[in-house]
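*Asks:* Shown below is the structure under consideration.
Residue numbers (the UniProt record's numbering): 1 to 95.
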């Protein structure tokens, strides 16, 4: 599902116009982005938790050349779904 399909579906389910739905989604995503910039986790009840984790530096080997390279540390976004979502995915349940 792309953004346009999501907004159309959201608008039809909530009774808002597509323009109003787009503004709401944009506002929510901006606030979530601000939380990530501050390093705060975002927990969405019934869906899951997004948080920022630091990957430590590591040495990797290029399999083609055998050359060893140092990969610097970096911050990555992590998502942990709720157990309900995990169960639905494992069972292949779709609505």
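Heads up, the beta-carbon is just placed ideally off N, CA and C, and yes, glycines get one too.
Since this is a predicted model, take the numbers as computed values, not measurements.
Straight-line CA distance for residue 47 to residue 32?
*Replies:* As a position in the chain shown, residue 47 is number 47, starting the count at 1. As a position in the chain shown, residue 32 is number 32, starting the count at 1. Approximately 14 Å, taken between the alpha carbons.
*Asks:* DSSP three-state call for residue 3: helix, strand or coil?
*Replies:* For the purposes of this step, residue 3 is taken as residue 3 along the chain shown, with counting starting at 1. It is helical.
*Asks:* Compute the beta-carbon to beta-carbon distance between residue 52 and residue 39, rounded to the nearest angstrom, for a pair I have assumed lies under 8 Å.
*Replies:* Here residue 52 refers to the residue found at position 52 of the chain shown. Here residue 39 refers to the residue found at position 39 of the chain shown. Indeed, because the Cβ distance is near 6 Å, the residues count as touching under 8 Å.
*Asks:* Give me the Cα-Cα distance between residue 88 and residue 74, rounded to the nearest whole angstrom.
*Replies:* The residue you call residue 88 lines up with position 88 of the chain shown. The residue you call residue 74 lines up with position 74 of the chain shown. The straight-line gap from Cα to Cα measures roughly 32 Å.
*Asks:* Could you tell me the boundaries of the beta strand (DSSP E) in which residue 75 lies?
*Replies:* By 1-based counting over the chain shown, the position of residue 75 is 75. Where residue 75 is concerned, the enclosing beta strand (DSSP E) stretches over 74 to 81.
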